[in-house]
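Okay, structure first, notes after.
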């Protein structure tokens, strides 16, 4: 029987020791200004700033591997090449980026609790002191997810996984500019690709 | 479903017999890591027979087939490193919803060329392992 591979979100907990949701099925991803998995309300949206940028709290999304398999590897992630959200000039859906090697954060060791001011803004991934510790020291600490496509996906995890465990996580965040358009944004589809034998 | 139904199964061939992913009569599953690579002569992706598909269905393994049935088999020579994998994809939406989408079956010799077999039986070749 093929492996069971679920998309899960790491959240809460402490650095290096997250909680994972959901317990079964696949994660529902939402970006807002709190470190909370799939909130049932919209009370903490990302405000539109008067100048500069506001950020969602960053989210760690990874694959949860279980079941019967010999090896899972070559884990990649991409978009359709366009994120159709009106995030303003310089606004984007971004991910943590490494200058070389896999772009994913090893889990749980490099899990970094999302921080910021609830209801106002998350800390930027690249922030020197409050940013994500696995990325903020990189020369290019973030990349635009819209530039990750099926022809040129982001390699999240090239490790050979031979037992039930989590893969490295993509760390994503929304950046909103002052000329963004208010309101809920349409659904966007992202894709994981991985090899299994 | 937690996985994409299988379209192909692998069969490793030795000089004196075969070692299939699923026993052809009982459906018992074997693991890729248990292939004796030192004895391996040929390796291929094959459609499921209707009898085996029924046996696997009883065991809870979902499979499908192409029409007409196809097999893609590779000779493996001494010193060559076999590459075989199922390339899976999961699409998920910001705001909810996910789907295990088409699996591509990959077969080749490391550093040389690879065959990419789609679920509809379409076959493409490339020297780029990440071609698809």
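Protein chains in written order, with our numbering: chain A, 1 to 197; chain B, 1001 to 1132.
Backbone N, C-alpha and C fix where the C-beta goes; we use that ideal spot for every residue, glycine too.
contact_flag[the stretch 66 to 82 of chain A, the stretch 131 to 147 of chain A] where n(CB pairs < 8 Å) is 3 or more: yes
Could you please give the first and the last residue of the uninterrupted beta strand (DSSP E) stretch that includes residue 1013 of chain B? 1009 to 1014
Can you list, in chain order, the residues of its chain with a C-beta nearer than 8 Å to that of residue 32 of chain A? Leave out the 5 residues immediately preceding and following it. 39, 42, 44, 45, 46, 56, 57
Please classify residue 73 of chain A: does DSSP put it in a helix, a strand, or coil? strand
Applying a beta-carbon distance threshold of less than 9 Å, which residues of chain A neighbour residue 1093 of chain B? 28, 29, 187, 188, 189, 190
DSSP puts residue 157 of chain A in a beta bridge; with which residues? A/75
In chain order, which alpha helix (DSSP H) runs of at least 4 residues are fully inside the stretch 1047 to 1129 of chain B? 1050 to 1058
Would you verify that the beta carbon of residue 1047 of chain B is, or is not, closer than 9 Å to some beta carbon of chain A? no
Quick one: does residue 1086 of chain B have its CB under 9 Å from some CB of chain A? yes
Hey, does residue 130 of chain A have any beta-carbon neighbour from chain B nearer than 9 Å? no
Is there a Cβ of chain B sitting closer than 9 Å to that of residue 70 of chain A, yes or no? yes
For residue 183 of chain A and residue 157 of chain A, I'd like the C-alpha separation in whole angstroms. 34 Å
Closest residue to residue 1095 of chain B among A/117, A/88, A/188, A/136 (Cα-Cα distance): A/188
Does the CB of residue 1029 of chain B have a neighbour CB from chain A at under 9 Å? yes
Near-chain B residues of the stretch 2 to 36 of chain A (beta-carbon distance less than 9 Å), N- to C-terminal order: 2, 3, 4, 5, 6, 7, 25, 26, 27, 28, 29, 30, 31
Between residue 1017 of chain B and residue 1058 of chain B, is the Cβ-Cβ spacing less than 9 Å? no
Are the C-beta of residue 1004 of chain B and some C-beta of chain A separated by less than 9 Å? yes
Are the C-beta atoms of residue 141 of chain A and some chain C residue less than 9 Å apart? Considering every chain present, this structure includes no chain C. Its protein chains are A and B.
At a Cβ cut of 7 Å, what residues of the stretch 146 to 176 of chain A count as close to chain B, listed as they run along the chain? none
Do you know how far the Cα of residue 1056 of chain B is from the Cα of residue 35 of chain A? 43 Å
Among A/154, A/160, A/92, A/194, which residue has its Cα nearest to the Cα of residue 181 of chain A? A/92
Own chain, CB closer than 7 Å to residue 84 of chain A, minus 5 neighbours either side, in chain order: 186, 188
What is the DSSP secondary structure of residue 1033 of chain B, counted as helix, strand or coil? helix
Please list, in chain order, the residues of the stretch 92 to 126 of chain A that have any C-beta partner in chain B closer than 9 Å. 93
Would you identify the three-state DSSP class for residue 147 of chain A, choosing helix, strand or coil? helix
Given that a residue counts as buried once 16 or more other Cβ atoms are within 10 Å of its Cβ, and exposed if not, what is residue 29 of chain A? buried
DSSP three-state assignment for residue 23 of chain A, whether helix, strand or coil: coil
Kindly provide the ranges of any alpha helix (DSSP H) runs that are 4 or more residues long and lie completely inside the stretch 84 to 150 of chain A, ordered along the chain. none
So, residue 71 of chain A versus residue 197 of chain A, is the Cβ gap smaller than 9 Å? yes
If you draw a straight line from the C-alpha of residue 18 of chain A to the C-alpha of residue 191 of chain A, how long is it? 23 Å
Distance between beta carbons of residue 1060 of chain B and residue 107 of chain A, contact taken as under 8 Å: Incorrect: roughly 29 Å between the Cβ atoms, too far for contact.
Answer with yes or no whether the minimum CB distance from residue 194 of chain A to chain B is below 9 Å. yes
Counting only Cβ-Cβ distances shorter than 7 Å, please list the residues of the stretch 1010 to 1023 of chain B near chain A, keeping chain order. none
Within chain B, partners of residue 197 of chain A - CB distance below 7 Å: 1032, 1084, 1085, 1086
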